[in-house]
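The listed protein sequences derive, respectively, from chains A and B. Residue numbers for the first sequence follow our numbering, so the first one is 1390 and each next one is one higher. Residue numbers for the second sequence follow our numbering, so the first one is 122 and each next one is one higher. Backbone N, C-alpha and C fix where the C-beta goes; we use that ideal spot for every residue, glycine too. Model, not experiment: these values are computed from the prediction. The structure appears right after this line, and notes come after that.
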Amino acid sequence: MVVSRGRPGGPLARLAAGAEVPVFVARGLGAGDTEARLLGTSAVRVVASPRQATVLVVAGHVPPGMAEPLARVHDQIPPPRVTVWRTGAGAGALDAIRAAWPQATVVGPGDDVAATVVHAYREVLLGRRPTEQPRLADVEPAEWRGVGPYGQGGSGMTGGVPYGRPMAGRADDLRDGLSLDVVRVRMGPFLPAFPTGLVLAVTFAGDVVHAVEVDDLLTPGDGGLGAPLPDDAADSRGDPAARPVRIDGLERARCRHHLRWLARLLRLYGLEALGRRVALMAAAPVPEDIAHLRNLHRRLERAWVLGRVTAGVGVVTGDAAAQWGGVTARAAGLAVDARSGSPAYQALGFAPVTHEAGDGRDRWRQRLAEATQALELAGRAGDATVDDDHIEPAGQPAPADLAGALGTALTGQEWGDALATVASIDPVVHPGAGADRPARAEAAA
Amino acid sequence: MVALAAFGAAFTLLVATAALVLLGRWLAGPPGWAATAPERVPFAGGLPPDVHAWNRFHARYYVMALLFLTFDMEMVYMFPWAVVFRQEGAVAIGEIFVFISILALGILYAWRERSLGWS
Chain A
1390 MVVSRGRPGG
1400 PLARLAAGAE
1410 VPVFVARGLG
1420 AGDTEARLLG
1430 TSAVRVVASP
1440 RQATVLVVAG
1450 HVPPGMAEPL
1460 ARVHDQIPPP
1470 RVTVWRTGAG
1480 AGALDAIRAA
1490 WPQATVVGPG
1500 DDVAATVVHA
1510 YREVLLGRRP
1520 TEQPRLADVE
1530 PAEWRGVGPY
1540 GQGGSGMTGG
1550 VPYGRPMAGR
1560 ADDLRDGLSL
1570 DVVRVRMGPF
1580 LPAFPTGLVL
1590 AVTFAGDVVH
1600 AVEVDDLLTP
1610 GDGGLGAPLP
1620 DDAADSRGDP
1630 AARPVRIDGL
1640 ERARCRHHLR
1650 WLARLLRLYG
1660 LEALGRRVAL
1670 MAAAPVPEDI
1680 AHLRNLHRRL
1690 ERAWVLGRVT
1700 AGVGVVTGDA
1710 AAQWGGVTAR
1720 AAGLAVDARS
1730 GSPAYQALGF
1740 APVTHEAGDG
1750 RDRWRQRLAE
1760 ATQALELAGR
1770 AGDATVDDDH
1780 IEPAGQPAPA
1790 DLAGALGTAL
1800 TGQEWGDALA
1810 TVASIDPVVH
1820 PGAGADRPAR
1830 AEAAA
Chain B
122 MVALAAFGAA
132 FTLLVATAAL
142 VLLGRWLAGP
152 PGWAATAPER
162 VPFAGGLPPD
172 VHAWNRFHAR
182 YYVMALLFLT
192 FDMEMVYMFP
202 WAVVFRQEGA
212 VAIGEIFVFI
222 SILALGILYA
232 WRERSLGWS
């Protein structure tokens, strides 16, 4: 739905300028805590589609493959629109963005992104700042050729390529083998439910997922913009200066990561107030917050709707869970955790938390339990350190065959459940995630 | 004129609604922009659709639709019943309960057969 906020400077726009700011967050690589900060600000409402937004917030580094999708998301925000780009301070990143996106407001990691967003929104609605012009040319992907009795471009119901787009193909339905139309749609990379940079080519039969492929837009190269933000919720394995790694810092980062994930998930399920509360907790969790986390856990268990909509959705157990590893495996009862073998963690009395069902509900229970456990460990750890081999990443690592693992998890589900499954697994996607596709095609040939 | 007077309230409502809508439009002002081709594309995370949206799929909720029709028709039977049930008394009440019970058994059966799912 396109929301009209009136002519900039007009009476309706002046009223709207006092309302909460509808923001669409486009997460690039290394988006850091940008989304959590916005989720935790009461003057801002993070929306699910650019159609509902006025402010586009871009966070971190956007590789060249994601530049055009970003421009399309920008254009899909109905005017008046403004862009705020939050970037890390790497190698002239700010100047490069200012050169390529002259209309955008660029802020660094130290600036208050929420205040900038609110200010930019007020300025554009009050007519003190011009609305941003579209970034993509106003051309259809192909010319309209009005051939055929219904203008569909060819002869017959399924002939032709209207506006350069072929008609749907056909495939046998997974449920009863009826041969019906299937539609291939590429989802991502800026879908709010998706992890950063994930692009899925989903083949739909009706509203059910028929097949899934992974596309890769993350390959670095010329034309990328912005720099990753420093991320205090990432583990410090990539940083040789932070050796040996202190357990308390590592576990607090784990807690932040899980809470940010949970804030996004709650926002996705429409539980905005709870999501805001979690986002605020995720800012700087300290061991004294354990009681608050326990309270939150009880509250979520009592949130009947959340339990009901996540139970039995996206079940990943057994071999599939072992393939994923990490949080997804532990939510399915597999006690795989790199920390188990560490003498330092054993001295702290560490034992992996697990859940049994491996569904969406057990995955949020698992993450919340791990966040609580991480704070307990951080409180007991003192200045204990851990070696590289025994660092368990906070996020869900993507398996080698990401396309296969996602295909197993999503095929046959309705799209809403499939989205919820992707959001609840939330794999960390790396460049080259779709690179195994040619190899598999060769194997099949 | 006397015959038209009965519509006075409706006419007033029509004029008032139209005035409110026009006032709202005047307050909002002209949009001053037209959607570009990339803006018209449905939002799927930033990528354009590869395939045209015109496609056929199985309306798997047809069983649900048939059930809806059944209960819709039940209402049709209840209108004449509502006219006569005061004259007929307890007998009419009993009969309509038998009728609704049979339909309720039908919906319980459909529930058991998992016909109420969307896909």
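By the rule that beta-carbons nearer than 8 Å mark a contact, A:Pro-1820 does not touch chain B. Residue burial annotation: A:Arg-1559 is exposed, with fewer than 16 other C-beta atoms found within 10 angstroms of its C-beta. Beyond the five residues adjoining it in sequence on each side, B:Phe-132 comes within less than 8 Å, by CB distance, of no other residue in the same chain. Not one beta carbon of chain B lies nearer than 8 Å to the beta carbon of A:Ser-1729. The C-beta separation of A:Pro-1439 from A:Leu-1445 comes to about 7 Å, placing the pair in contact by the 8 Å criterion. Each residue's CA atom was taken as its position, placing B:Ser-222 and B:Ala-186 some 20 Å apart.
Annotation: the continuous beta strand (DSSP E) that includes A:Glu-1602 extends over 1597-1605.
Chain A places a beta carbon closer than 8 Å to that of B:Trp-175, counting this residue as a contact. Any Cβ of chain A closer than 8 Å to the Cβ of B:Ala-158 would place that residue at the interface, and such an atom is present. Residue-level contact by beta carbon fails for A:Leu-1607 and chain B, as no gap is shorter than 8 Å. The Cβ of A:Phe-1739 sits no closer than 8 Å to any Cβ of chain B.
Annotated three-state conformation of A:Arg-1559 is strand, per DSSP. Among the CB atoms of chain A, one or more fall inside 8 Å of the CB of B:Leu-148. For the segment 1447-1461 of chain A, the residues whose beta carbon sits under 7 Å from a beta carbon of chain B are, in order, Pro-1458, Leu-1459 and Arg-1461.
If the five residues before and after A:Gly-1429 are omitted, its C-beta is found closer than 7 Å to the C-beta atoms of Arg-1665, Ala-1668, Leu-1669 and Ala-1672, all from its own chain and listed in chain order. Under the DSSP assignment, A:Arg-1475 falls in the beta strand (DSSP E) whose first and last residues are 1471-1475. Contacts between A:Asp-1806 and chain B, judged by CB atoms closer than 7 Å, are missing: the closest CB pair is about 10 Å apart.
Contacts between B:Val-162 and chain A, judged by CB atoms closer than 8 Å, involve Arg-1461 and Gln-1465 in chain order.
Sixteen is the threshold: when 16 or more other Cβ atoms of the shown chains lie within 10 Å of the Cβ of A:Gln-1755, as they do, the residue is buried.
Per the DSSP secondary-structure output, A:Glu-1803 pairs in a beta bridge with A:Val-1597.
Secondary structure of A:Thr-1520 (DSSP, three-state): coil. Under the three-state reduction of DSSP, A:Ala-1415 is assigned to strand. As the crow flies, the alpha-carbon of A:Gln-1762 is around 18 Å from that of A:Asp-1621. By the Cβ criterion, the segment 1599-1614 of chain A is not in contact with the segment 175-192 of chain B, since fewer than three pairs of Cβ atoms, one from each stretch, lie closer than 8 Å.
Annotated three-state conformation of A:Arg-1575 is strand, per DSSP. DSSP places A:Ala-1590 within a strand segment (E or B) once states are collapsed to three. DSSP places A:Val-1667 in the helix class (H, G or I) of the three-state scheme.
Close partners of A:Ala-1594 in chain B (Cβ separation under 9 Å): Phe-178 and His-179.
The segment 1719-1728 of chain A makes no contact with the segment 1643-1656 of chain A; the number of CB pairs closer than 8 Å stays below 3. In this structure the segment 161-174 of chain B lies against the segment 1569-1580 of chain A, because at least three pairs of beta carbons, one per stretch, are closer than 8 Å. Rounded to the nearest whole angstrom, the CA to CA distance from A:Ala-1709 to A:Leu-1427 is 35 Å. Short of 6 Å from the beta carbon of A:Val-1704, and not among the five residues preceding or following it, lie these beta carbons of its own chain, in chain order: Gly-1747 and Asp-1748. Within the same chain, Cβ atoms closer than 7 Å to the Cβ of A:Ala-1652 are found at Ala-1425, Leu-1428, Gly-1664, Val-1667, Ala-1668 and Ala-1671, the five residues on either side in sequence being excluded. Per DSSP, the continuous alpha helix (DSSP H) segment holding B:Ala-211 begins and ends at 211-233.
Leaving aside the five residues that flank A:Asp-1561 on each side, the residues in its chain whose CB is nearer than 6 Å to its CB run, in chain order, Ser-1568. Contacts with chain A at 8 Å (Cβ-Cβ) do not include B:Pro-201.
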